[in-house]
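In our numbering, the protein residues as written are 301 to 470. The C-beta atom is built at its ideal place from N, Cα and C for all residues, glycine as well. Presented below is the structure to which this report refers.
Spelled out as structure tokens, the structure:
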């Protein structure tokens, strides 16, 4: 992929950060609602909390997760960071991919099931708790950028220094 021009890169970066932080906020909301539904003795409160979770899940979870994943991929492929050149980018990509899959194929159906039952179980507390912890970790590594380059990144850096690009790294 061609490197992104500065204004395009900045626009995508702002979008990516906004959507990703929105995803973190969304999971915190789901966590609070899941706790309210699970801990209350009031059946009406449990129903209301699970229905609110369903609205958030139906309208926001899939688009926010996919936008975060796609905008992150565009940034990785269109900037010098690359997708597989730095360990933090690689870890962030895989965690985002897994979280997107779990959000779409596990969290949403779990919320639908709770709404159908009219009650929440501990799963509606655990899933958003794990998601929130994951997104906080991904946010932290995005800021700190730990661990250094991958093997591919080291080879690419070495090739730039020597002026020769290893086979397959073009």
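Problem set entry | First through last residue of the alpha helix (DSSP H) which encompasses residue 388 | 387-402
Exercise. Straight-line CA distance for residue 324 to residue 457?
Worked result: 34 Å
For this session: Measure how close the beta-carbons of residue 352 and residue 408 come, nearest whole angstrom, since I'm counting them as under 8 Å.
Result: Not confirmed; about 14 Å, so no contact.
Exercise. Who does residue 449 pair with in a DSSP beta bridge?
Worked result: 386
Exercise. Apart from the five residues on each side of it in sequence, which residues of its chain come closer than 6 Å, Cβ to Cβ, to residue 304?
Worked result: 378.
Exercise. Helix, strand or coil: how does DSSP classify residue 381 here?
Worked result: coil
Problem set entry | Identity of the residue in 302, 367, 445, 406 nearest residue 314 by Cα | 367
Exercise. Between the segment 407-421 and the segment 446-457, do three or more beta carbon pairs fall short of 8 Å?
Worked result: no
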